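> Residue numbers (this note's numbering), protein chains in the order written: chain A, 262 to 628; chain B, 262 to 628.
Even for Gly, the Cβ is constructed at its ideal location relative to N, Cα and C.
Bear in mind the structure is a predicted one, so any value in this text is a computation, not a measurement.
Quick one: the structure is below, questions incoming.
Protein chains: 2
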Amino acid sequence: MTSAEYLHMAFLLSKKANSKDIRPNPFVGAILVDQNGSIIGEGYHQKAGEGHAEVNAIRNAKEKVSDLSSCTLYVTLEPCSHFGKTPPCTSLIIENKISKVVIGSMDPNPLVSGVNVLEAAGIEVEICILPEINELNSVFTINHKYKRPKYLLKTATTINGKIADRNASSKWISNNNSRKLVHEKLRSSVDAILTTAKTVIKDNATMNIRVGQEKVEELNAIIIDKNLDLLKQENASLNIFYPRTKSKIYLVTDKIQEGVLPDNLEVIQIPFTNGACDMDQLNADLIKKNFCEILVEAGGKLNASMIKEKQIDEIYLFIAPSLIIDTHAINAFNLDELQLMDNKTVLKLIETTIIDEDVLIRYQLSY
Amino acid sequence: MTSAEYLHMAFLLSKKANSKDIRPNPFVGAILVDQNGSIIGEGYHQKAGEGHAEVNAIRNAKEKVSDLSSCTLYVTLEPCSHFGKTPPCTSLIIENKISKVVIGSMDPNPLVSGVNVLEAAGIEVEICILPEINELNSVFTINHKYKRPKYLLKTATTINGKIADRNASSKWISNNNSRKLVHEKLRSSVDAILTTAKTVIKDNATMNIRVGQEKVEELNAIIIDKNLDLLKQENASLNIFYPRTKSKIYLVTDKIQEGVLPDNLEVIQIPFTNGACDMDQLNADLIKKNFCEILVEAGGKLNASMIKEKQIDEIYLFIAPSLIIDTHAINAFNLDELQLMDNKTVLKLIETTIIDEDVLIRYQLSY
């Protein structure tokens, strides 16, 4: 078997983890192969704070074999060389005199210089980058590279980009099965939803996760609410305030909140400029709260400013088979700011899916 | 073989014709089958003004067999019963004492009551509608049903429906291969292109047909030009005025044109209301000129008003992987008129095609 084939096996192993259990860590799988090419140890990272993949694979091997000095370790991510919640994996590799390490993706964290440490210890290192590994760990990579959550943006439009009519009515653009997919695939997979008080109030949006006919799950809601409108008495019975036991509402404002808030409500105080909050400060706060991946479901203005601020990594665009010709109907990406053809935002097409008569198009943005 | 199978053979035969040779007639194929199930005659409509499919099939059969009285005629369209450019086919069928006629689609022209005439003459008639036949003849059906050309609308937009930036620059939204498809598939198949003087002037559009790298073909251009701006001296060297030997430019205006126009230029005088021409009158004129199928490539305003006036039958929407967030960038369907969610225009999704990173979505509209 080739290095890529062993690494692909380690990749499949890494996917056994649940993304929410390992946050903010990446998926990592490792296998130990002896000089005959036999797999003698397997491991993957299962839970944040617990053993890394290398540790689990080495432990698994040592149940059977005591001398690993003629083994090769295949690991999907560059081994860590620093003390985090667990000791450095490079030390364990060196201690066990493993002769060769094959690495499937590089760690974006500059604190991790595993390759250098291993080579300095005389261990042969082969780097064999597999695209599927980088793709699986895009959340982790973006968190480190941009010091912010990975943002997915979902919007549902007519064929000419309208998300609502001029009276802001948006019910419904996309069909039942598209909305089901948003709940069961998108909202289910993220750590929180980001929206605005305007959208929450206008749509009386619940922003929970409906799974199948019956089951409802909670979802953390981060709501841009400069003036703390959601704390006004008149908004107290909005759907967003459903009973929460394991999620919270975070109101992003530049006001100082006085008085006691219920347990499930928190205020994130951030400076605003021209009506828009400071995304860098918000992002730092969200990363600290372990919100690694966030779904944006908002109006045309927040959508557009997040694009402009290079905050969006993927777009899930549901195009419904309908048309609103009204100039004043609301566009999905909408700022009163000059953007000329030569300076248009360029996306990368990922895939299209037909859902009844809606067309879901997925795009990626790279910075 | 079943009736549907014989009719499908006749349908395949009908498709041998070139649509432009038979305008304004439909594709029609016919086969004659004897009592043993053997095909003894075949024919299809090849050229407007020449023999109908039934005539050709009967003629073909009679080269071999003189008595057709035990034969069944399978014909993709209800036989005509009136004198057009050729005598009624029903008479020929009756004369030849054909015992049974199987019909694959009904003629939308109320002058054609072939079924009644045949039954009155004691001929057994079976009607077996095949969807592929109706689809192939959608131009003919629309021409008769709505007394107008079939209109295809092509537009290329960003993912939020913009066809140009606020300065009206539209070069380029879609990619090379999408534009190639527009020339080689769409423009090549229609009788004329419909646009506005504004688009022609702003884009200095040629509106011809480029096939491959070298070959250029002419295309009739129908241009809404209320004020005859294109006749102004300053516009005399626009690309639209390329040398024409077999096509014309038609300017649609409410002005009376005085003075002599070049051979390849014609004025269609039509009343206008609120800046929009009377589509019924324009359509009557275009049908008279044998323009059966027309491609609309225009700005957001003409696109939107044609949708509003129920003039568009199909939309070819090219969605490019790009985004312009500017509110003032131009939307593909754009009228300053109220249209609420409950009253949105509903389309039917036909198919999606990926062209490099553009997504082409085809929609149908039914009235």
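(1) Spatial neighbours of residue 411 of chain A within its chain, please: CB distance less than 6 Å, with the 5 preceding and 5 following residues excluded, ordered by chain position.
(2) Cβ closer than 7 Å: which chain A residues qualify as neighbours of residue 601 of chain B?
(3) Starting from the beta carbon of residue 580 of chain B, find every residue of chain A whose beta carbon is closer than 8 Å, and list them in chain order.
(4) Give the interface partners of residue 326 of chain B over in chain A, defined as CB-CB distance under 9 Å, in chain order.
(5) Following the continuous beta strand (DSSP E) through residue 478 of chain A, name the residue where it begins and the one where it ends.
(6) Could you spell out where the alpha helix (DSSP H) holding residue 355 of chain B opens and where it closes?
(7) Please classify residue 588 of chain B as buried or exposed, where buried requires at least 16 neighbouring CB atoms within 10 angstroms.
(8) What three-state label does DSSP hand residue 590 of chain A in the structure shown?
(9) Using 10 angstroms around the beta-carbon of residue 362 of chain A, count the other beta-carbons present and answer buried if the total reaches 16, otherwise exposed.
(10) Which partner residues does residue 302 of chain B have in the DSSP bridge list?
(11) Using a beta-carbon distance cut-off of less than 8 Å, what residues from the stretch 587-599 of chain A approach chain B?
(12) Tell me whether residue 555 of chain B sits in a helix, a strand or coil according to DSSP, three-state version.
(13) Residue 265 of chain B: which of B:393, B:469 and B:501 sits nearest, CA to CA?
(14) Taking contact to mean 3 or more Cβ pairs, one atom from each stretch, closer than 8 Å, check whether the stretch 379-397 of chain B and the stretch 547-566 of chain A are in contact.
(15) Measuring alpha carbon to alpha carbon, tell me which residue in A:371, A:467 and A:608 is nearest residue 339 of chain A.
(16) For a quick check, are the C-beta atoms of residue 576 of chain B and residue 420 of chain A less than 9 Å apart?
(17) Between which two residues does the alpha helix (DSSP H) harbouring residue 335 of chain A extend?
(18) Mapping the DSSP letters down to three states, classify residue 391 of chain A as helix, strand or coil.
(19) Given a threshold of 16 other Cβ atoms within 10 Å of its Cβ, counted over all protein chains shown, does residue 469 of chain A qualify as buried or as exposed?
(20) Cα separation between residue 386 of chain A and residue 334 of chain A?
(21) Measure from the alpha carbon of residue 601 of chain B to the alpha carbon of each residue in A:584, A:619 and A:414, then state which is nearest.
(22) Can you tell me the Cα-Cα spacing of residue 429 of chain A and residue 595 of chain B, whole angstroms?
(23) At what residues does the alpha helix (DSSP H) containing residue 543 of chain A begin and finish?
(24) Let me know the secondary structure DSSP gives residue 402 of chain B once reduced to three states.
(25) Consider the Cβ of residue 462 of chain B: report whether some Cβ of chain A lies at a distance smaller than 9 Å.
(26) What residue does the beta strand (DSSP E) around residue 484 of chain B start on, and which one ends it?
(27) Compute the Euclidean distance between the alpha carbons of residue 433 of chain B and residue 451 of chain B, then round it to the nearest angstrom.
(28) Runs of 3 residues minimum, wholly inside the stretch 484-534 of chain B: which ones carry the beta strand (DSSP E) assignment?
(29) Do the CB positions of residue 548 of chain A and residue 409 of chain A come within less than 9 Å of each other?
(30) Starting from residue 411 of chain B, trace the beta strand (DSSP E) both ways and give me its first and last residue.
(31) Quick one: what does DSSP say residue 282 of chain B is sitting in, helix, strand or coil?
(32) At a Cβ cut of 7 Å, what residues of the stretch 542-573 of chain A count as close to chain B, listed as they run along the chain?
(33) Counting only beta-carbon atoms, is residue 397 of chain B nearer than 9 Å to chain A?
(34) Which same chain residues end up closer than 7 Å to residue 443 of chain B when comparing Cβ atoms and leaving out the 5 residues on each side of it in sequence?
(35) Our contact map puts residue 586 of chain B next to residue 424 of chain B with C-beta atoms below 8 Å; I'd like the distance itself, whole angstroms only.
(36) What did DSSP end up calling residue 267 of chain B once you bin it into helix, strand or coil?
Considering the structure as presented:
(1) 400, 403, 554 and 574
(2) 426, 428 and 430
(3) 580 and 622
(4) Those within 9 Å of residue 326 of chain B in chain A number zero; the least Cβ separation is about 51 Å.
(5) 476-478
(6) 350-356
(7) buried
(8) coil
(9) buried
(10) B:293
(11) 587, 588, 589, 590, 592, 593, 594, 595, 596, 597, 598 and 599
(12) strand
(13) B:393
(14) no
(15) A:371
(16) yes
(17) Counting along the chain, residue 335 of chain A falls outside any alpha helix (DSSP H), though it belongs to the beta strand (DSSP E) covering 333-336.
(18) coil
(19) buried
(20) 10 Å
(21) A:584
(22) 17 Å
(23) 540-549
(24) helix
(25) no
(26) 481-485
(27) 23 Å
(28) 510-514 and 526-530
(29) yes
(30) 411-418
(31) helix
(32) 565, 568 and 569
(33) no
(34) 415
(35) Actually they do not touch by this definition, with Cβ atoms about 15 Å apart.
(36) helix
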